[in-house]
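S.K.:
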Amino acid sequence: MLGPQVWSSVRQGLSRSLSRNVRGWASGEGKKVDIAGIYPPVTTPFTATAEVDYGKLEENLHKLGTFPFRGFVVQGSNGEFPFLTSSERLEVVSCVRQAMPKNRLLLAGSGCESTQATVEMTVSMAQVGADAAMVVTPCYYRGRMSSAALIHHYTKVADLSPIPVVLYSVPANTGLDLPVDAVVTLSQHPNIVGMKDSGGDVTRIGLIVHKTRKQDFQVLAGSAGFLMASYALGAVGGVCALANVLGAQVCQLERLCLTGQWEDAQKLQHRLIEPNAAVTRRFGIPGLKKIMDWFGYYGGPCRAPLQELSPAEEEALRMDFTSNGWL
6 MLGPQVWSSV
16 RQGLSRSLSR
26 NVRGWASGEG
36 KKVDIAGIYP
46 PVTTPFTATA
56 EVDYGKLEEN
66 LHKLGTFPFR
76 GFVVQGSNGE
86 FPFLTSSERL
96 EVVSCVRQAM
106 PKNRLLLAGS
116 GCESTQATVE
126 MTVSMAQVGA
136 DAAMVVTPCY
146 YRGRMSSAAL
156 IHHYTKVADL
166 SPIPVVLYSV
176 PANTGLDLPV
186 DAVVTLSQHP
196 NIVGMKDSGG
206 DVTRIGLIVH
216 KTRKQDFQVL
226 AGSAGFLMAS
236 YALGAVGGVC
246 ALANVLGAQV
256 CQLERLCLTG
266 QWEDAQKLQH
276 RLIEPNAAVT
286 RRFGIPGLKK
296 IMDWFGYYGG
306 PCRAPLQELS
316 PAEEEALRMD
326 FTSNGWL
């Protein structure tokens, strides 16, 4: 659990944030934060008794820190954040901040279902060391999450956040795409610096880049499976689950795209598509954690109700990596 000093700092920061109006924050400075690059969305390790294993988390970070990532995403979908308590979410971010290289960015997932809770969590994430907040779309009442509702939500969060905000659209998990018109409006907010789009629709990614081109707004692809296409359309980086096991290869794909070596980039992208699909849409977090175990990281169990892979699923997972030359 977080110590009394950390909790005191969190409470003080929240009190200050709620007492200021938006002009009181130096939030307009957020646009100076360059989020371009590759980020692995860090998993949350658990013990056999489903407790967060902070020692294994640090071990994984030390290994991942050897790759040229721009930073780390913590408490995204791959971090199983819906299954953690508020105090666990904050303590995980605090642990990552202390264990990761100091020259990397820490993007922390702070999204909650209500605007008030999201504001509170965002301020708390800043207090424990996050450089930017990645805010997922609220989705429980998705039928009422119109563009107007989402614009209102993100505007309030960005107004009160002491750190830059990154929009996060992941329709596979939320059943909700952040509408393009809402993104365009929100891109004009001085404290909203960009977006992670995990939907996989590269036409949409290109359209968002095009329509926000007059803003200092940066788009991150939410998966390695469409990373090359996203770079070609103007994205500046990616948050890629596959980078947890094939970090060198995902970073190599980034370099090939940035240097215009499109033929080599295409060959590498082709070899990453099946493994990426295996650890995202096909087998999800249990698949990612299993392959992490095989690659020398600690994957370990998921927290219930997520279940381990069946033997048949494990074999299919292994085949997706073996057939592309990664195992």
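Position one of the sequence shown corresponds to residue 6 (the working numbering), numbered consecutively onward. The beta-carbon is built from N, C-alpha and C at its ideal position, and this holds for glycine as well. Since the model is a prediction, treat every value here as computed from it, not as a measurement.
Does any heavy atom of the ligand SAM sit closer than 8 Å to the C-beta of Asp269?
M.R.: Judged by which ligands are present, the structure shown has none, so any question about the ligand SAM falls away.
S.K.: Give me whichever residues DSSP pairs with Ile197 in a beta bridge.
M.R.: Note: Ile197 sits in a beta bridge opposite Val170.
S.K.: Do Ser192 and Phe222 count as a contact pair if the criterion is CB distance below 9 Å?
M.R.: Yes. Within cutoff.
S.K.: Could you check whether Lys219 and Val188 sit closer than 9 Å to each other, using their CB atoms as the reference points?
M.R.: Their beta carbons are not under 9 Å apart, which means Val188 does not touch Lys219 by this criterion.
S.K.: Look up Leu247 in the DSSP assignment and give the residues it is bridged to.
M.R.: According to DSSP, Leu247 bridges with nothing at all.
S.K.: Look at the Cβ atom of Leu232, then the Cβ atom of Lys201, and state whether they are nearer than 9 Å.
M.R.: The answer is no: Cβ separation not under 9 Å.
S.K.: Using the C-alpha atoms, what's the distance from Tyr302 back to Gln132?
M.R.: Each residue's Cα considered, the two are about 29 Å apart.
S.K.: The alpha helix (DSSP H) spanning Phe326 covers which residue range?
M.R.: Per DSSP, Phe326 belongs to the alpha helix (DSSP H) from Pro316 to Thr327.
S.K.: Report the rounded CA-to-CA distance for Thr127 versus Asn196, giving the unit in angstroms.
M.R.: One C-alpha to the other measures close to 13 Å.
S.K.: Along the beta strand (DSSP E) that carries Gln266, what are the first and last residues, could you check?
M.R.: Neither: Gln266 is in no beta strand (DSSP E) and is coded neither H nor E.
S.K.: Is Ser32 buried or exposed, if buried means 16 or more other CB atoms sit within 10 Å of its CB?
M.R.: Summary for Ser32: the model assigns pLDDT 41, below 50, so the residue's position carries little reliability; its value from the coordinates is reported in the next sentence. It counts as buried.
S.K.: Helix, strand or coil, according to DSSP, for Gln312 in the structure here?
M.R.: It is coil, neither helix nor strand.
S.K.: Compute the beta-carbon to beta-carbon distance between Leu111 and Phe77, rounded to the nearest angstrom, for a pair I have assumed lies under 8 Å.
M.R.: About 6 Å; that satisfies the 8 Å criterion.
S.K.: Enumerate in chain order the residues of its own chain whose CB-to-CB distance from Val244 is below 6 Å, with the five nearest sequence positions on each side excluded.
M.R.: Only Tyr44, Pro46, Val78, Lys201, Leu225 and Gly227 meet the Cβ criterion.
S.K.: Is it a yes or a no for the stretch 58–72 touching the stretch 92–109, going by three-plus beta-carbon pairs under 8 Å?
M.R.: Contact holds: three or more Cβ-Cβ distances are below 8 Å.
S.K.: For a minimum of 4 consecutive residues, which ranges assigned as the alpha helix (DSSP H) are wholly contained in the stretch 183–238?
M.R.: Listed in chain order, the complete alpha helix (DSSP H) runs (minimum 4 residues) inside the stretch 183–238 are 185–191, 207–216 and 232–237.
S.K.: With DSSP as the reference, label Tyr44 as helix, strand or coil.
M.R.: Strand.
S.K.: Which of the three DSSP states, helix, strand or coil, is assigned to Ala282?
M.R.: Note: Ala282 maps to helix in three-state DSSP.
S.K.: Could you work out which residue in Ile278, Thr54, Val207 and Gly42 is closest to Pro306 when comparing CA atoms only?
M.R.: The residue with the shortest Cα to Cα distance from Pro306 is Thr54.
S.K.: Can the beta-carbon of Met297 be found less than 9 Å from the beta-carbon of Asn329?
M.R.: For Met297 and Asn329, no; Cβs fall outside 9 Å.
S.K.: From this set, Glu259, Ala253, Val57 and Leu247, which residue's C-alpha is nearest Leu89's C-alpha?
M.R.: If we check each option's Cα against that of Leu89, Val57 comes out closest.
S.K.: Using 8 Å for Cβ pairs, my map puts Leu293 next to Ala246. What's the rounded Cβ distance?
M.R.: Contact flag correct, Cβ pair sits at about 6 Å.
S.K.: Where in the stretch 94–137 do unbroken runs of the alpha helix (DSSP H), each at least 4 residues long, occur, reported from the N-terminal end onward?
M.R.: Counting whole runs of 4 or more residues, the stretch 94–137 contains the alpha helix (DSSP H) stretches 120–132.
S.K.: Could you tell me the alpha carbon to alpha carbon distance between Ala138 and Ser115, rounded to whole angstroms?
M.R.: Approximately 6 Å, taken between the alpha carbons.
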